[in-house]
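For reference, the structure discussed in these notes is given below.
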Amino acid sequence: MGDDEVESMTTRPRDVRVEFLYLDRETCERCRGTEAAVESALSAVRPALALAGAGVVLDRVHVDSAATAERVGLEVSPTVRVDGRDVQAEFETSDCGCASDESVPCRVWRYDGRTTERAPASLVANAVLSAAYQVESTDRGGDDPTDRREVTRPVERYFESDEPCC
1 MGDDEVESMT
11 TRPRDVRVEF
21 LYLDRETCER
31 CRGTEAAVES
41 ALSAVRPALA
51 LAGAGVVLDR
61 VHVDSAATAE
71 RVGLEVSPTV
81 RVDGRDVQAE
91 FETSDCGCAS
101 DESVPCRVWR
111 YDGRTTERAP
121 ASLVANAVLS
131 AAYQVESTDR
141 GGDDPTDRRE
151 VTRPVERYFE
161 SDEPCC
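With the first letter of the sequence shown counted as 1, position 67 gets the number 67 in the UniProt record's numbering; the numbers rise by one all the way through.
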């Protein structure tokens, strides 16, 4: 084992902040499914982090207006951020399949060779552990969490519609 490997094994983890940002938890299966995946991931990693002296805080952010979307920099729903970084900076969307005239595309997750409509719990768990030990992950994109994200047109349409649905 090299010195770098020994040092990384003895590095004490730090507390991590997870944000779950969503447009509609009431009718959107993708938002509910992603929230469940986040909760599952955190349930799995919390005991290990606590044993090592670190914690995880989960903030659920209901983006209920265009102003809020702009303030938090919501690009796509649902979004999971760890310490301000999207767990999957590059994203795709597809129609959520709701009955609204102005359907808003929701996020599609690609991870470990699979495509899913909810965030994989393993993706979230890996992002949390990487952040706790400050390991840069290629899946997280390395984006600067202080950069302001642009609100995308689909998110704007969501708030312009009389019957918003994601």
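Glycine included, C-beta positions come from ideal geometry on N, C-alpha and C.
Closest by CA to arginine 12, which one among Arg157, Val18, Ser130, Gln88?
Residue 12 sits at position 12 when you count from the first residue of the sequence shown. When each option's Cα is compared against that of arginine 12, the closest is Ser130.
How is tyrosine 158 classed by DSSP in three states: helix, strand or coil?
Here residue 158 refers to the residue found at position 158 when the sequence shown is read from its first residue. Note: tyrosine 158 maps to helix in three-state DSSP.
From the DSSP secondary-structure annotation, give me the bridge partner or partners of cysteine 106.
Residue numbering aside, residue 106 sits at position 106 when the sequence shown is read from its first letter. DSSP, once it has assigned bridges, lists Ser94 as partnering cysteine 106.
Taking valine 80 as the reference, give the member of Thr115, Ala127, Arg46, Tyr133 with the closest Cα.
On the sequence shown, residue 80 is found 80 positions in, with the first residue counted as 1. Comparing Cα positions, the closest option is Ala127.
Using the beta-carbon count (16 or more within 10 Å), is valine 57 buried or exposed?
Numbered from 1 along the sequence shown, position 57 holds the residue referred to as residue 57. Burial call: exposed.
Classify threonine 34 as buried or exposed, calling it buried when 16 or more other Cβ atoms lie within 10 Å of its own Cβ.
The residue labelled residue 34 in the question sits at position 34 within the sequence shown. The residue is buried, with at least 16 neighbouring Cβ atoms inside 10 Å.
If we count the other Cβ atoms within 10 Å of its Cβ and call it buried at 16 or more, is valine 124 buried or exposed?
Mapped onto the sequence shown, residue 124 falls at position 124. The residue is buried, with at least 16 neighbouring Cβ atoms inside 10 Å.
Any idea which residues DSSP pairs threonine 116 with across the strands?
The sequence position of residue 116 within the sequence shown is 116, counting from 1. Paired residue(s): Trp109.
Backbone CA spacing between glutamate 75 and leucine 21 [nearest angstrom]
As a working mapping, residue 75 is identified with position 75 in the sequence shown. As a working mapping, residue 21 is identified with position 21 in the sequence shown. Between glutamate 75 and leucine 21, the C-alpha separation is close to 10 angstroms.
State the Cα-Cα distance for the pair aspartate 64 and serine 43, rounded to the nearest angstrom.
Counted from its first residue, the sequence shown places residue 64 at position 64. Counted from its first residue, the sequence shown places residue 43 at position 43. If you take the alpha carbons of aspartate 64 and serine 43, they lie about 27 angstroms apart.
Classify arginine 14 as helix, strand or coil using the three-state DSSP reduction.
Here the question's residue 14 lines up with position 14 in the sequence shown. Looking at arginine 14 - three-state DSSP - the assignment turns out to be coil, as it is neither helix nor strand.
Residue environment, serine 94, which counts as buried when at least 16 other CB atoms sit within 10 Å:
Residue 94 sits at position 94 when you count from the first residue of the sequence shown. Exposed.
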